[in-house]
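Under numbering that gives the first Met the number 0, the residue at position 249 of the sequence shown is numbered 248, and the numbers go up by one with no gaps. Note that CB positions come from ideal geometry on N, CA and C, so glycine has one too. All values reported here derive from a predicted model rather than from experimental measurement.
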Amino acid sequence: MRNKLLLAFGLNAFFYPVLLYVNLDENSRAWSAIFGELFPILFSEYVAGALVIFGWLYVAEWQHARFERWFGEEIISRGEFLPNLAAILAFAAANLAINYLSIRGVYWMQIYLLGRADQAIVADTEYSRMSMRFTYANYVIMSLFVYYLLTNRRIQQRAREVALRAERARKEQVEGQYAQLRHRVNPHFLFNSLSTLSSLVQVDGERSEQFIDRLSKAYRYMLENRDRQTVALKAELEFLQAYAFLLRTRFGNKFQLDINLHPSVVERGQLVPLSLQLVLDRALRHNRMSAQAPLSVSIRSENDAILIQNNRQPRLEPDLSIGDSDWTVFENCYALLDNGNRRVREWADDKTWTVSIPVMSDEY
C-alpha cells in the first residue's frame, strides 16, 4: 500500500504542473497566486488526483485478476493483442467514469471544506469546457500509463514465477537423482564389506571386531544422512575415517589416505552427504593400485574449499566392484545449493587428479 501511495503522488506531481500550466490563466500562474489564494484549491485537487491514481492501481490489479480468472492465468502476461486490447479498453472506460465522478466529487468537497471551489469544473464557457476536456484527456493518458506500468510488472512477475518454478523443478530433479545415486552406492559398499569380513573373521578375530564396529558406524551414517541436503563436515570426516579403515582392511598397503584440514573449517563446514566417499570411490574405481605403487589420496583445506587429490594410475577398465557415480548430478547438486556461486571443480595432469569441493558455512 505504501509503495502504491508513493507512486500515485509521484505520478501526479509529474502530470499536475502540466495541467496547471494549461488550465490557469496568465495572472493565476504567478507564484504569489499559486501559493496564495489559490493554494487550498490547487492542493486539494492535487491530493484528490493522487488518490484517484491510487484507486486506479487497485482497479488495474483487480481487472488483471478477473481477466486471468476468466481467460487463463497467463492471458495478460503472454502479451496477446486481443485480450490486452480488451483489457485496456475496459480499463479506459472504467477510468472515464471514475474521473468524471472524481472531478465532481472534488468540486463538492471544495465547497464543503473550503467554502469555495474551482468554477471551471461547472462553468458553461468555452474556456471551462476546453479546460475540462484537457483535464479528462490528461488523466486518461496518465491512467493508461499506470496500466502499462502494472501490466509490465505483471509480465515480469509471471516470468520470474515461471523461472522459479523451472529452477525448483530442476533442483528437485537433481536432488532426486543424487538421492538415487547415494542409495545405489550402498549395495556395492555392503557387498564388498561383507566379503572382506568373511575372509577376515577366520584369521583375525580382534581385527574382525574392529571391522564390524567401523562397518556399523559407516552404514548407520549412510542410512541416517542419505536424505539430508547437507551434513556437518566433522560428521562427514568421522564417517570417512571409518570408511577408510574398511578400505585399508580390504586393500592393505595398496591404499593410503592422508587428511589435513584446518580445525576451523572442520568445525563450521557443511557438505552434501557422502561427498568425500563419492570422490574417493571414483579414484578407486579408475586407478590401479599395488603394494609397490599404492593409490595415495590426500584431503586438505584451501580457503573455503576442500581439495581431494590422488596420484594418477589409470586403469584400462574401471573396477566394477566399486560403486559407480553420476558425476554430473553430483556437480549440479552443489551448484543448486550454492545458487551457482561456487561449484565442484576438477582438474588433472599427468601425475595427479584433483577435485575441489566448496565448503558451505550454513546448513541448507
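For residue i, does the count of other Cβ atoms within 10 angstroms reach 16, so buried, or fall short, so exposed?
| i | result |
| --- | --- |
| Glu166 | exposed |
| Phe34 | exposed |
| Ser289 | exposed |
| Ile305 | buried |
| Arg215 | Looking at the sequence provided, one finds Ser at residue 215 rather than Arg. With fewer than 16 Cβ atoms within 10 Å of its Cβ, Ser215 is classed as exposed. |
| Gly104 | exposed |
| Glu44 | buried |
| Tyr57 | exposed |
| Gly204 | exposed |
| Asn98 | buried |
| Ser198 | exposed |
| Thr150 | buried |
| Arg213 | buried |
| Arg1 | exposed |
| Arg65 | exposed |
| Phe329 | buried |
| Ala292 | exposed |
| Arg159 | exposed |
| Gln62 | buried |
| Ala12 | exposed |
| Leu294 | buried |
Between residue i and residue j, is the Cβ-Cβ spacing less than 7 Å?
| i | j | result |
| --- | --- | --- |
| Arg287 | Arg314 | yes |
| Gly376 | Val358 | The chain is shown from 0 up to 363; residue 376 falls before or after that span and cannot be answered. |
| Glu235 | Leu270 | yes |
| Phe254 | Leu246 | yes |
| Val200 | Ser207 | yes |
| Trp352 | Asn309 | yes |
| Lys275 | Leu239 | One point to set straight first is that residue 275 is Leu, not Lys, in the sequence displayed. Contact: yes. |
| Pro384 | Arg311 | Only positions 0 to 363 of the chain appear in the structure, and residue 384 is not among them; the question remains open. |
| Phe90 | Tyr146 | yes |
| Leu222 | Ala243 | no |
| Ala334 | Arg344 | no |
| Phe53 | Met141 | no |
| Phe210 | Leu196 | yes |
| Ile321 | Leu279 | no |
| Phe8 | Ala49 | yes |
What does residue i pair with, by DSSP beta-bridge criteria?
| i | result |
| --- | --- |
| Thr351 | Asn310 |
| Arg420 | Limits of the chain in this structure are 0 at one end and 363 at the other, which puts residue 420 out of reach. |
| Leu256 | Val296 |
| Leu270 | Val230 |
| Ala304 | Glu301 and Pro357 |
| Arg344 | Ser355 |
Please list, in chain order, all residues of the same chain as residue i whose beta carbon is under 7 Å from its beta carbon, the five residues on each side excluded.
| i | result |
| --- | --- |
| His285 | Pro313, Arg314 and Pro317 |
| Ala217 | Phe238, Ala241, Tyr242 and Leu245 |
Residues in the same chain with beta-carbon distance under 6 Å from residue i, minus the five sequence neighbours each way, listed in chain order, please.
| i | result |
| --- | --- |
| Ser101 | Val51 |
| Ile298 | Ile258 and Ile307 |
| Asp349 | none |
| Asn224 | Val230 and Pro272 |
| Arg249 | Thr195 |
| Leu260 | Ser300 |
| Gln265 | Sequence check: residue 265 is Val here, not Gln. Around Val265: Leu232 and Lys233. |
| Leu319 | none |
Looking only at its own chain, which residues have a Cβ that is under 8 Å from the Cβ of residue i, when we skip the five neighbours before and after it?
| i | result |
| --- | --- |
| Glu301 | Ser355 |
| Ala229 | Sequence inspection shows Thr at residue 229; the Ala mentioned does not correspond to that position. Only Gln269, Leu270, Val271, Pro272, Leu336, Met359, Glu362 and Tyr363 meet the Cβ criterion. |
| Val417 | Within the shown structure, residues of the chain are numbered from 0 to 363, placing residue 417 beyond reach of any answer. |
At what residue ranges does the region 191-234 contain a whole run of the alpha helix (DSSP H), taking only runs of 4 or more?
If we require 4 residues or more, the alpha helix (DSSP H) runs fully inside the region 191-234 come out as 204-224.
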